[in-house]
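One structure is given below, encoded as structure tokens.
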Amino acid sequence: AQSVTQLGSHVSVSEGALVLLRCNYSSSVPPYLFWYVQYPNQGLQLLLKYTSAATLVKGINGFEAEFKKSETSFHLTKPSAHMSDAAEYFCAVSDQGGGSYIPTFGRGTSLIVHP
Amino acid sequence: KAGVTQTPRYLIKTRGQQVTLSCSPISGHRSVSWYQQTPGQGLQFLFEYFSETQRNKGNFPGRFSGRQFSNSRSEMNVSTLELGDSALYLCASSLAGTSGAYEQYFGPGTRLTVT
């Protein structure tokens, strides 16, 4: 079964600083990968997804993520944090090629943005 | 296009009671999944329905059940509520056939509190 690890339950940055949220998956076959964001009292919203096209994926709100097969990683970045980016971020993975298509979610990383 | 809607948004129940939560997916989406979200366990998959059939089930006791109607609307039921059932219950819909490439669209959730 797939598993996904998000390093750091909380990440704190200053407004204007680089945002880096880490996600590693466990699979011998590259999976489909997703990043979702959850604002308080809301459901999850898709930021971006990787489905075996370009390894650098651009998403909404200035976020992007790079798929690195050799490192089994799919880290999320944003060059300059805004106060409005404060939220919970989830990495999710699902199988390609006949495996489980139900996504497995990481435990989430809470992004805190300081003025 | 209207998003995923869930009713009610908030619910307070007493131990031993039962509860029914409702979810209306995005028009055209035939797959509906349910998740339980708690601070301690994160997002845990409950079950998925497609064309009125349960296709996948997570590792939850039989007190948790669901169904899907011909218009793709779904309900989940929890019987004999326990304090540990207090959580945010999220519904997600997808275009998915059996491809993991499809992202999920989440509703705002139902916050269930069991006293």
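So the sequence lines, in the order shown, correspond to chains A and B.
The opening residue of the first sequence carries number 12 in our numbering; numbering runs sequentially from there.
The opening residue of the second sequence carries number 14 in our numbering; numbering runs sequentially from there.
Backbone N, C-alpha and C define an ideal beta-carbon position, used for all residues, glycine too.
- Rounded to whole angstroms, the gap between the alpha carbons of serine 112 of chain B and serine 87 of chain B is 21 Å.
- Within the model, the alpha-carbon separation for phenylalanine 119 of chain B versus tyrosine 47 of chain A is close to 10 Å.
- Cβ neighbours of phenylalanine 45 of chain A within its own chain (closer than 6 Å, five residues either side excluded): Lys60 and Ala103.
- Contacts with chain B (Cβ-Cβ distance below 8 Å) from the segment 85 to 107 of chain A involve Phe101, Ser105, Asp106 and Gln107, listed in chain order.
- The beta carbon of serine 91 of chain A lies closer than 6 Å to those of Gly27 in the same chain, with the five residues before and after it left out.
- In this structure, the alpha-carbon of arginine 76 of chain B lies about 7 Å from that of threonine 93 of chain B.
- Residue burial annotation: valine 40 of chain A is exposed, with fewer than 16 other C-beta atoms found within 10 angstroms of its C-beta.
- Interface with chain A (8 Å Cβ-Cβ cutoff): glycine 55 of chain B is included.
- Less than 8 Å separates the beta-carbon of threonine 120 of chain A from that of valine 22 of chain A.
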